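**Student:** My questions will all concern the structure given below.
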Amino acid sequence: MSRAVRAGVAVAALAVLGALIVWAVSDLRGVGHPPGVNSARVAPILAHERQAANAVNGVTFDMRGSDTLGEEMILFAAALGVSVLLRAARDPREVQVAAEDDVNRRGAISGALRASAATLVGPMIVFGLYVVTHGQLTPGGGFQGGVILAAALLLTYAGGQVLAVQRTDPVALVEVSEAVGALAFALVALGGVVFAGVLMANFLPFGEIGALLSSGTIALLSVVTGVEVTAALALILTEFLDQTLLRDA
Amino acid sequence: MTAVQACALVAVLVCGTATALVREPVRQALTGGVFGVALALLFFAYQAPDVALSQVVVASVAVPLMVLLAVAKL
């Protein structure tokens, strides 16, 4: 296909796409006036019947909880797939040797990067833990907090600490917590069947809206998701970093 | 539309165009991260703090990181 024909096809496709977007957007309501009756019902139901202050996590972990169960398993399977694929192609001892060599690169990292990484790691871990544990109260929750916690791990790497070093060996810990996170989510889902007769039923005491221990399983599932997301991202991260170490060695 | 929303829209416009115009993948990962933060500001200005927080962590941490790990060494 010549350049002119490709440009013609692209312009035509963009014109159709643009027209479709304009058509779709012209039908939208203004900000703060969502369509449908359920959008107005969700927040009062979650506030009064679940004592959950954050309606978004209330929807994610309660109203459409079985969807989130599926998403959790997708993340688990994805992280597992990445590590199985990458590990099949290499020898763990080679990674160990490359990691030990890599300790020497600390001198090559700029002092500014090391200092800012060391300063930021502590506050980031505290912030990540806050976001994970306050999912039922404030914006955030297990997913966002989990990514923040995994980013703190990345900062330690950027600051010159190799993640594969034997002394700390976070990989084994990360593997176990990923499995524990996914299993705990499934167990809470099954707990609904055992204690209330419905999958993903909110079977814990709801408490008082605004309290840290409120909203029943919503708070618990937020924490469990935090464990799972942190571990899954950290696992994918360490696998890719090991691969980078080998390529450099 | 408030002034904050207008500023956020302009920032998204500028950063999005910049990301598309940068041709080198490593630089594009970084401009893409800035574009993601601009989008997060836009979501925040439209009163969606939950989505904004997800947008910040995914677009400014996860996506640039995966791109960097895939195309270059960290």
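First to last, the sequence lines map onto chains A and B. Mapped onto this note's numbering, the consecutive letters of the first sequence carry residue numbers 3 to 251. Mapped onto this note's numbering, the consecutive letters of the second sequence carry residue numbers 1081 to 1154. Positions of the beta carbon are idealized from the N, C-alpha and C atoms, including for glycine. If you're wondering where the values come from, they're calculated on a predicted model, not measured in any experiment.
1. Anything in chain B within Cβ reach of Pro141/A, meaning under 7 Å, just list it in chain order.
2. Is the beta carbon of Met1146/B less than 9 Å from the beta carbon of Phe78/A?
3. Could you spell out the range, first to last residue, of the alpha helix (DSSP H) harbouring Met1081/B?
4. Using 8 Å as the cut-off, classify the Cβ of Leu192/A as near or not near the heavy atoms of the ligand ADP, replying yes or no.
5. How about Thr232/A and Gly137/A: are their beta carbons less than 9 Å apart?
6. By the 10 Å Cβ neighbour count, where 16 or more other Cβ atoms means buried, how is Asn59/A classified, buried or exposed?
7. Could one say the Cβ of Ala1150/B lies closer than 9 Å to chain A's Cβ atoms, at least one of them?
8. Taking the alpha carbon of Met75/A as the point to measure from, which residue in Thr240/A, Arg249/A, Val226/A has its own alpha carbon closest?
9. Are the C-beta of Gln245/A and some C-beta of chain B separated by less than 9 Å?
10. Should Val1151/B go down as buried or exposed, given a rule of 16 or more other Cβ atoms within 10 Å for buried?
11. Whose C-alpha, out of Gln1108/B, Val1136/B, Ala1120/B, Arg1103/B, is nearest the C-alpha of Cys1087/B?
12. Listed in chain order, which residues of the region 58-92 of chain A have Cβ atoms closer than 7 Å to some Cβ of chain B?
13. What residues in the region 130-158 of chain A have a beta carbon less than 7 Å from any beta carbon of chain B?
14. First and last residue of the alpha helix (DSSP H) that includes Val190/A?
15. Could you please tell me which residues of the region 21-46 of chain A, in chain order, have their CB closer than 7 Å to any CB of chain B?
16. Take the Cβ of Gly124/A as the centre, count every other Cβ of all protein chains shown within 10 Å, and call the residue buried at 16 or more, exposed below.
17. Quick check on this structure: which residue in Leu1149/B, Pro1129/B, Met1081/B, Val1141/B has the alpha carbon closest to the alpha carbon of Val1114/B?
18. Quick one: does Val204/A have its CB under 9 Å from some CB of chain B?
19. Using a 10 Å radius around the Cβ and a threshold of 16 neighbouring Cβ atoms, would you call Asp1130/B buried or exposed?
20. Between Ala101/A, Arg8/A, Leu185/A, which has its C-alpha nearest Asp244/A's C-alpha?
21. Taking contact to mean at least 3 C-beta pairs separated by less than 8 Å, is the region 109-117 of chain A in contact with the region 205-221 of chain A?
22. Taking 9 Å as the threshold (C-beta atoms), are Leu82/A and Val149/A in contact?
23. Could you please give the first and the last residue of the uninterrupted alpha helix (DSSP H) stretch that includes Ser216/A?
24. What distance in whole Å lies between the Cβ atoms of Leu157/A and Ala119/A, which are believed to be in contact at a cut-off of 8 Å?
25. Could you give the residue range of the alpha helix (DSSP H) that holds Met202/A?
26. Can you grab the Cα-Cα spacing for the pair Met65/A / Met202/A, in whole Å?
27. Using three-state DSSP, classify Phe208/A as helix, strand or coil.
28. Once the 5 residues before and after Ser224/A are set aside, which same chain residues still bring their CB inside 7 Å of it?
29. What runs of the alpha helix (DSSP H), each 4 residues or longer, lie entirely inside the region 15-59 of chain A?
30. Could you give the DSSP three-state label for Ser1134/B: helix, strand or coil?
31. Under a CB-based cut-off of 9 Å, is Phe197/A close to chain B?
32. Quick check on Val123/A: does DSSP put it in helix, strand or coil?
33. Please list, in chain order, the chain A residues whose beta carbon lies closer than 7 Å to that of Leu1145/B.
34. Using DSSP with H/G/I as helix, E/B as strand and the rest coil, what is Val134/A?
**Tutor:** By the coordinates alone:
1. The residue given as residue 141/A occupies position 139 in the first sequence. Neighbours of Pro141/A on chain B, chain order: Pro1129, Asp1130, Leu1133.
2. Position 66 of the second sequence, counted from the start, is the residue given in the question as residue 1146/B. Position 76 of the first sequence, counted from the start, is the residue given in the question as residue 78/A. Their beta carbons are not under 9 Å apart, which means Met1146/B does not touch Phe78/A by this criterion.
3. Position 1 of the second sequence, counting from 1, holds the residue named residue 1081/B. No alpha helix (DSSP H) holds Met1081/B; DSSP gives it neither H nor E.
4. Inclusion of the ligand ADP in the displayed structure is not the case, the ligand content being empty and no account of it being possible.
5. Your numbering for residue 232/A matches position 230 in the first sequence. Your numbering for residue 137/A matches position 135 in the first sequence. Not a contact, by the Cβ cut-off of 9 Å.
6. Counting from 1 along the first sequence, the entry for residue 59/A is found at position 57. Looking at its Cβ environment, which holds 16 or more other Cβ atoms inside 10 Å, Asn59/A is buried.
7. The sequence position of residue 1150/B within the second sequence is 70, counting from 1. It does; some Cβ of chain A falls within 9 Å.
8. The count along the first sequence starts at 1 and reaches residue 75/A at position 73. Among Thr240/A, Arg249/A, Val226/A, the Cα nearest to that of Met75/A belongs to Val226/A.
9. Here residue 245/A corresponds to residue number 243 of the first sequence, with the count starting at 1. Residue contact check for Gln245/A against chain B: a CB pair falls below 9 Å.
10. In the second sequence, residue 1151/B corresponds to position 71, counting from 1. Burial check for Val1151/B: the Cβ neighbour count within 10 Å stays below 16, so the residue is exposed.
11. Within the second sequence, the letter at position 7 stands for residue 1087/B. Between Cys1087/B and the set Gln1108/B, Val1136/B, Ala1120/B, Arg1103/B, the nearest pair of CA atoms involves Ala1120/B.
12. So the list reads Val58, given in the order they occur along the chain.
13. Across the region 130-158 of chain A, CB contacts with chain B closer than 7 Å involve Pro141, Gly142, Phe145, Gln146, Val149, Ile150, Ala153, Leu156, in sequence order along the chain.
14. Taking the first residue of the first sequence as position 1, residue 190/A is located at position 188. Going by DSSP, Val190/A is part of the alpha helix (DSSP H) stretching over 172-198.
15. Flagged, chain order: Val33.
16. Numbered from its first residue, the first sequence carries residue 124/A at position 122. So Gly124/A counts as exposed.
17. Here residue 1114/B corresponds to residue number 34 of the second sequence, with the count starting at 1. Residue nearest to Val1114/B within the set Leu1149/B, Pro1129/B, Met1081/B, Val1141/B is Val1141/B (criterion: CA-CA distance).
18. Locating residue 204/A in the first sequence gives position 202, where the first residue counts as 1. A small correction: the amino acid at residue 204/A is Asn; Val does not occupy that position in the sequence shown. Not an interface residue.
19. Working through the second sequence from its first residue, we reach residue 1130/B at position 50. Only buried fits Asp1130/B, as 16 or more other CB atoms lie within 10 angstroms of its CB.
20. As a working note, residue 244/A is residue 242 in the first sequence. Distances from the alpha-carbon of Asp244/A to those of Ala101/A, Arg8/A, Leu185/A put Ala101/A closest.
21. Short answer: they don't touch.
22. Numbered from 1 along the first sequence, position 147 holds the residue referred to as residue 149/A. Numbered from 1 along the first sequence, position 80 holds the residue referred to as residue 82/A. Not in contact: Val149/A and Leu82/A (Cβ atoms no closer than 9 Å).
23. Here residue 216/A refers to the residue found at position 214 when the first sequence is read from its first residue. No alpha helix (DSSP H) contains Ser216/A, which DSSP labels as neither H nor E.
24. Within the first sequence, the letter at position 117 stands for residue 119/A. Within the first sequence, the letter at position 155 stands for residue 157/A. With a Cβ gap of about 5 Å, Ala119/A and Leu157/A count as contacting.
25. Within the first sequence, residue 202/A is the residue found at index 200, counting from 1. Unbroken run through Met202/A: none, as it is neither H nor E.
26. In the first sequence, the residue the question calls residue 65/A occupies position 63. In the first sequence, the residue the question calls residue 202/A occupies position 200. About 9 Å.
27. Numbered from 1 along the first sequence, position 206 holds the residue referred to as residue 208/A. The answer is coil: DSSP assigns Phe208/A none of H, G, I, E or B.
28. Your numbering for residue 224/A matches position 222 in the first sequence. Only Asn59, Phe63, Val134, Gly137, Gln138, Gly143, Gly144 meet the Cβ criterion.
29. Runs of the alpha helix (DSSP H) inside the region 15-59 of chain A: 40-51.
30. Here the question's residue 1134/B lines up with position 54 in the second sequence. In the structure shown, Ser1134/B adopts helical secondary structure according to DSSP, grouped into three states.
31. Along the first sequence, read from residue 1 onward, the residue named residue 197/A stands at position 195. Phe197/A does not count as touching chain B.
32. Indexing the first sequence from 1 puts residue 123/A at position 121. Three-state DSSP puts Val123/A in a helix.
33. Here the question's residue 1145/B lines up with position 65 in the second sequence. The contacting residues are Leu156.
34. If you number the first sequence from 1, residue 134/A lands on position 132. Three-state result, Val134/A: helix.
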